[in-house]
Structure formats: structure tokens, C-alpha cells
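K.L.:
Input: one structure, supplied below.
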Amino acid sequence: MTPLICISSMATRQLLATLCTQWAASGGQPVALESVGGVDAARRIDAGDTCDVVVLASDALDKLLVTGRIGTPEAMAQSQVAIAAAPGTNFQIETLAQLCASLANARSIGFSTGPSGKALLEWFERLGILASLRDRLVQAPPGTPVGNLIAQGVVEIGFQQCSELIHCKGIDLLGPLPPGSEITTVFSAAVCRTARETVAAAQFIAFLRSSAAFDAIRQEGMAPAGLL
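Position 44 of the sequence shown, counted from 1, bears residue number 45 in our numbering, the numbering being contiguous throughout.
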């Protein structure tokens, strides 16, 4: 049986690896998963790479839908942006005032590419602090977890999807953004126009959205779509 080809962003890499195994164990068609930076994944689908299923942030899939590269996206999971720091630092983030003070004192601040990074910069702009932070902002290359930059000492504090930060060693996961400041990304799945196995691809997406996937979604620091 030829495996389905699934391309995803790094934010859902571990989740999809778990669910692909679970799906195959239940008798589903095997899935060959490739996880890359979300920007690169969208570029490849837009260029017409052969792929059965793509899982990306919903706004990225909406653009691919407009260009006719995919079928209708279906929401799968929701993820919050979280904050991590180098061990031994004493950044306080429980309130917005504390977080802003911590950022003012940070020597360097990491953030990701893709929709969560864009949303973070827009949030800084709304708070009126972007200009004061700009010289200390470090954007992780596509496919590189912000947690790696923290662990390597490149940045002191960083922001990324919780699902990515929880798997990074050598960092302290501080928690989500303060109440009222949450940045939520919805991840969706779609059948690609280049799909070779459209029926099996649709069945796999239905599984990703089903209650059978909920435990794995929650274990990765996410919430099933519509339940956050």
C-alpha cells in the first residue's frame, strides 16, 4: 500500500507523528510525514509539489485555497503562543505589566516565522513597544525552534507555539501570554490538488478531526478545534 504524503509545519510535527502511527495501527493507509517550516511548506504546495494532505495554520491554507492548490481546509487543533526563557533567568510574565517589564530588561528576544511570529509583532505594535524592542528581536530561521535559540544562548527569552517549546531541552517554559493577551493559531488540514489518493486523504483528515485524536492533541499542549 502506497503511503499518503503529508506535509506540515513544525508546530504540528510531534502531534502528527503520533497520530500517523495511531491511524496506521487502526488500519488506515500509512502516512509519510514531512514537517518543515510553515513558510517553506506553503511555498512547496503553491509550487505544485506532490502531496496528499497538508496541515498548516489556517491563514496559510486560506491563501492556498484562493490559488486553487488545495480543497477546503478543515480545522483540526488550536494552539497558544507560549513564552520560554533561559534557565536561571527571572522573567515574570503573569501580568501584562510584568511581561512588558521583562521584555524591557531582556538582552535578546526570539520569535518565530509564520503566523504566530507575525501576530506577535502586531501585538507588540498595539502595545506601543515594538520600536523599543526591534533592535533586540531575533527571528528564528524557518524550521528552527525558538527554543533552540534559547538553549544555545542566542536569545534570553522567546515566543513560539507551546507545542514546539514543550519538546525543547535546556529551557524553562514560563507559560502562555497573560490573560487577555492570548495569541491563538488554528491548524487545519486539507487535501492537495496534487493528491494521488484523494479518498484516503479525506479519511485521514476526518480521523485527525475526530475524538480519537483529542488525547494526542491535548498532550501536545493544544486543544481540539472549537474546544479551546
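Using N, Cα and C, we set each Cβ at its ideal position, and we do this for glycine too. This one's a predicted model, so the numbers in the text were calculated from it and none came from an experiment.
In the DSSP assignment, find the unbroken alpha helix (DSSP H) run with L128 in it and report its ends.
P.N.:
Taking the first residue of the sequence shown as 1, we reach residue 128 at position 127. It spans G115 to L128 - the alpha helix (DSSP H) in which L128 sits, taken as one unbroken run.
K.L.:
What is the DSSP secondary structure of A26, counted as helix, strand or coil?
P.N.:
Counting from one through the sequence shown, the residue named residue 26 turns up at place 25. Residue state, collapsed to three classes: helix.
K.L.:
How many angstroms separate the CA atom of A26 from the CA atom of I184?
P.N.:
For the purposes of this step, residue 26 is identified with residue 25 of the sequence shown, where counting begins at 1. For the purposes of this step, residue 184 is identified with residue 183 of the sequence shown, where counting begins at 1. C-alpha separation (whole angstroms): 34 Å.
K.L.:
For L34 and G111, I'd like the C-alpha separation in whole angstroms.
P.N.:
As a first step, residue 34 must be located in the sequence shown, where it is residue number 33. As a first step, residue 111 must be located in the sequence shown, where it is residue number 110. Roughly 27 Å between the two C-alpha positions.
K.L.:
Return the bridge partner residues of A33 from the DSSP annotation.
P.N.:
Here the question's residue 33 lines up with position 32 in the sequence shown. DSSP, once it has assigned bridges, lists I6 as partnering A33.
K.L.:
Could you name the residues of the same chain whose beta carbon sits closer than 7 Å to that of A18, not counting the 5 residues immediately before and after it, in chain order?
P.N.:
Here residue 18 refers to the residue found at position 17 when the sequence shown is read from its first residue. So the list reads L34, once near-sequence residues are dropped.
K.L.:
Alpha carbon to alpha carbon, how far is F215 from P225?
P.N.:
The residue given as residue 215 occupies position 214 in the sequence shown. The residue given as residue 225 occupies position 224 in the sequence shown. Cα-Cα distance, rounded: 6 Å.
K.L.:
What first and last residue would you give for the alpha helix (DSSP H) that runs through T199?
P.N.:
In the sequence shown, the residue the question calls residue 199 occupies position 198. Segment T199 to L209, the alpha helix (DSSP H) holding T199.
K.L.:
Could you give the distance in angstroms between the alpha-carbon of D60 and the alpha-carbon of P116?
P.N.:
The residue you call residue 60 lines up with position 59 of the sequence shown. The residue you call residue 116 lines up with position 115 of the sequence shown. Answer to the nearest angstrom: the Cα atoms are 8 Å apart.
K.L.:
Counting C-beta neighbours from all protein chains within 10 Å, is the total for T96 16 or more, i.e. buried, or is it exposed?
P.N.:
As a working note, residue 96 is residue 95 in the sequence shown. Flag for T96 reads exposed.
K.L.:
Let me make sure I understand the geometry here. Which of L150, S113, G222 and C193 has the alpha-carbon closest to that of G72?
P.N.:
Here residue 72 corresponds to residue number 71 of the sequence shown, with the count starting at 1. That would be C193, whose Cα lies nearest to the Cα of G72.
K.L.:
Looking at C-beta atoms only, is the number of pairs between the stretch 150-163 and the stretch 76-85 that lie closer than 8 Å three or more?
P.N.:
These segments touch.
K.L.:
Does the Cβ-Cβ distance between S103 and L57 come in under 9 Å?
P.N.:
Taking the first residue of the sequence shown as 1, we reach residue 103 at position 102. Taking the first residue of the sequence shown as 1, we reach residue 57 at position 56. No, they are not a contact pair.
K.L.:
Give me the residue from A107, I167 and Q99 with the minimum Cα distance to R14.
P.N.:
For this step, residue 14 is matched to residue 13 along the sequence shown. For R14, the nearest C-alpha among the options comes from I167.
K.L.:
Kindly indicate which three-state DSSP category E75 falls into: helix, strand or coil?
P.N.:
Walking along the sequence shown from the start, residue 75 turns up at place 74. Three-state result, E75: strand.
K.L.:
Which complete beta strand (DSSP E) runs does the stretch 142-194 hold, if anything under 3 residues is left out?
P.N.:
Fully enclosed beta strand (DSSP E) runs of 3 or longer: 158-162, 173-177 and 185-192.
K.L.:
Pull up the CB-CB distance for L20 and L209, whole angstroms please, since I reckon it's below 8 Å.
P.N.:
Taking the sequence shown and counting its residues from 1, one reaches residue 20 at position 19. Taking the sequence shown and counting its residues from 1, one reaches residue 209 at position 208. So it is a contact: roughly 6 Å between Cβ atoms.
K.L.:
Applying the criterion that 16 or more other CB atoms from any shown protein chain within 10 Å of the CB defines a buried residue, is V55 buried or exposed?
P.N.:
Locating residue 55 in the sequence shown gives position 54, where the first residue counts as 1. The residue in question, V55, is buried, as its Cβ has 16 or more Cβ neighbours within 10 Å.
K.L.:
Please state the DSSP three-state secondary structure of C112.
P.N.:
Stepping through the sequence shown from its first residue, residue 112 is reached at position 111. With the sequence shown as reference, residue 112 is identified as Phe, and Cys is not the correct amino acid for it. In the structure shown, F112 sits in a strand (DSSP, three-state: E or B).
K.L.:
Counting C-beta neighbours from all protein chains within 10 Å, is the total for M1 16 or more, i.e. buried, or is it exposed?
P.N.:
Given a span of 2 to 229 for the chain in the structure shown, any question on residue 1 remains unanswerable.
K.L.:
Using only alpha-carbon positions, find the residue among S113, A202, A98 and A48 that is nearest to I151.
P.N.:
Taking the sequence shown and counting its residues from 1, one reaches residue 151 at position 150. The residue with the shortest Cα to Cα distance from I151 is S113.
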